[in-house]
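K.L.:
Residue numbers (UniProt numbering): 1 to 236.
For every residue, glycine included, the Cβ atom is placed at its ideal position computed from N, Cα and C.
From a predicted model like this one, the values you see are computed outputs, not experimental measurements.
Just dropping this structure here.
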Amino acid sequence: MAEKLRDTSSSTTRNAPRTPKKDSGVLVIGLGRFGSAIAATLDRLGQDVLAVERDPDLVAQWAGRVALVEADATNPEALEQLGAREFPVAVVGVGSYIEASVLIAGNLVDLGVPQIWAKAISAEHARILQRIGAHHVILPEADAGARVAHLVSGKLLDYIEVEDGFTVVKMRPPKETQGFTLAQSNIRERYGVTVIGVKSPGIDFQYATPETRISQNDIIIVSGHAELLERFAARP
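The following block contains the structure:
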């Protein structure tokens, strides 16, 4: 028999959260630092969110701030009872307890949730989640470490790896591009990367065109494969 779920979303706090629409909302399981950041941000952006947490202390902490149900998501009957299969997106924010993370992700796969995002704490954990059917696996610490390494090692001001090595960076322009238009400097043909935007001091961000002229004090947004971007950023 399924455990009894405790819905805390009807708290009498002043700004009570919305009741999520299951057919368009996001189910966030686990309210640790990762899951709570996702739930709070989605709620602030106006997205429908239902959080699931089994720790009474975290439930008490978040009650009234987001729509929240106290339940053990490792129990498939509990997920059935709260209507998990009706959500188009679910996020498994449980990472520290690998067994619980895998059980929850597996339950969501069995329920046929269309998009499952899951946090992993190691490469092995990530592989297990991918093999059981999680659609997107995030390694927050590894991703953050790789990003910081790129930022401290050169001229990159920001670094976002999108997928399969495709990356977008924010950087200062190499000297050889300064004073020239993108057509003149021929960056794409010479380096295999694409300048997609330019931010000049005191001027709003502008999407790049062949006629865009790069100046010394500009910040440029460049996309391409990570290795090619690293070579381009290493130019003096």
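Give the secondary structure of Q178 by DSSP, where H, G and I count as helix, E and B as strand, and everything else as coil.
P.N.:
Here residue 178 corresponds to residue number 178 of the sequence shown, with the count starting at 1. Reduced to three states, the DSSP call for Q178 is coil.
K.L.:
Use the C-beta contact count for N217: other C-beta atoms within 10 angstroms, 16 or more gives buried, fewer gives exposed.
P.N.:
Translated into positions along the sequence shown, residue 217 becomes position 217. Exposed, by the Cβ-count rule.
K.L.:
In whole angstroms, give me the CA-to-CA distance for A100 and T74.
P.N.:
Indexing the sequence shown from 1 puts residue 100 at position 100. Indexing the sequence shown from 1 puts residue 74 at position 74. Taking the straight line from one Cα to the other gives about 6 Å.
K.L.:
Suppose the cutoff is 6 Å on Cβ atoms and the five residues either side in sequence are ignored; what does the same chain contact list for residue 238 look like?
P.N.:
This structure does not reach residue 238, given that the chain is present from 1 up to 236, and the question cannot be answered.
K.L.:
State the start and end residues of the unbroken alpha helix (DSSP H) segment that holds G35.
P.N.:
The count along the sequence shown starts at 1 and reaches residue 35 at position 35. Segment R33 to R44, the alpha helix (DSSP H) holding G35.
K.L.:
Using beta-carbon positions only, say whether S24 and D43 come within less than 8 Å of one another.
P.N.:
Residue 24 sits at position 24 when you count from the first residue of the sequence shown. Residue 43 sits at position 43 when you count from the first residue of the sequence shown. Not closer than 8 Å, so no.
K.L.:
Per DSSP, L151 is paired with what?
P.N.:
Here residue 151 refers to the residue found at position 151 of the sequence shown. L151 is not bridged to any residue.
K.L.:
For the putative contact between P88 and Q115, defined by C-beta atoms under 8 Å, what is the C-beta separation to the nearest angstrom?
P.N.:
In the sequence shown, the residue the question calls residue 88 occupies position 88. In the sequence shown, the residue the question calls residue 115 occupies position 115. Confirmed, about 6 Å.
K.L.:
Among the residues of its own chain, which have a CB less than 7 Å from the CB of G30, if the five just before and after it don't count?
P.N.:
Position 30 of the sequence shown, counted from the first residue, corresponds to residue 30. Same-chain partners within the cutoff: E53, V92, G93 and V94.
K.L.:
Counting Cβ pairs, one atom from each stretch, are 3 or more of them under 8 Å apart for the region 179-198 and the region 141-157?
P.N.:
Cβ pair count under 8 Å is below three, so no.
K.L.:
Just list the residues that DSSP pairs E53 with in beta bridges.
P.N.:
One-based indexing of the sequence shown puts residue 53 at position 53. Bridge partners of E53: E70.
K.L.:
Counting along the chain, where does the alpha helix (DSSP H) carrying A226 start and finish?
P.N.:
Within the sequence shown, numbered from 1, the residue matching residue 226 stands at position 226. A226 -> alpha helix (DSSP H) spans A226 to A233.
K.L.:
Pull up the distance between the alpha-carbon of V109 and that of I132, whole angstroms please.
P.N.:
If you number the sequence shown from 1, residue 109 lands on position 109. If you number the sequence shown from 1, residue 132 lands on position 132. Those two C-alpha atoms are separated by around 8 Å.
K.L.:
Please list the terminal residues of the continuous alpha helix (DSSP H) segment that includes L79.
P.N.:
Here the question's residue 79 lines up with position 79 in the sequence shown. Its alpha helix (DSSP H) spans residues P76 to Q81.
K.L.:
Cα separation between L45 and I38?
P.N.:
To locate residue 45, count along the sequence shown from 1; it is residue 45. To locate residue 38, count along the sequence shown from 1; it is residue 38. Going by the C-alpha atoms only, they are around 11 Å apart.
K.L.:
The beta strand (DSSP E) that contains V137, what's its start and end?
P.N.:
Counting from 1 along the sequence shown, the entry for residue 137 is found at position 137. H136 to I138 is the span of the beta strand (DSSP E), which, as asked, contains V137.
K.L.:
Between T212 and F34, what straight-line distance do the alpha-carbon atoms span, to the nearest angstrom?
P.N.:
Counting from one through the sequence shown, the residue named residue 212 turns up at place 212. Counting from one through the sequence shown, the residue named residue 34 turns up at place 34. Distance between the alpha carbons of T212 and F34 is about 40 Å.
K.L.:
Helix, strand or coil for D143, going by three-state DSSP, please let me know.
P.N.:
By 1-based counting over the sequence shown, the position of residue 143 is 143. Of the three classes helix, strand and coil, the one that applies to D143 here is helix, per DSSP.
K.L.:
Please list the terminal residues of the continuous beta strand (DSSP E) segment that includes Q115.
P.N.:
By one-based count along the sequence shown, residue 115 stands at place 115. Counting along the chain, the beta strand (DSSP E) containing Q115 begins and ends at Q115 to K119.
K.L.:
Going by DSSP, what residue range makes up the alpha helix (DSSP H) through residue 250?
P.N.:
The question about residue 250 has no answer here: the residues shown for the chain are numbered 1 through 236.
K.L.:
Within a Cβ cutoff of 6 Å, which residues of the same chain sit near V66, ignoring the five residues on either side of it in sequence?
P.N.:
Along the sequence shown, one-based indexing puts residue 66 at 66. Cβ within range, chain order: P17, A39, D43, V49 and A51.
K.L.:
R85: which of V162, I219, A208 and L111 sits nearest, CA to CA?
P.N.:
Locating residue 85 in the sequence shown gives position 85, where the first residue counts as 1. Cα-wise, what sits closest to R85 is L111.
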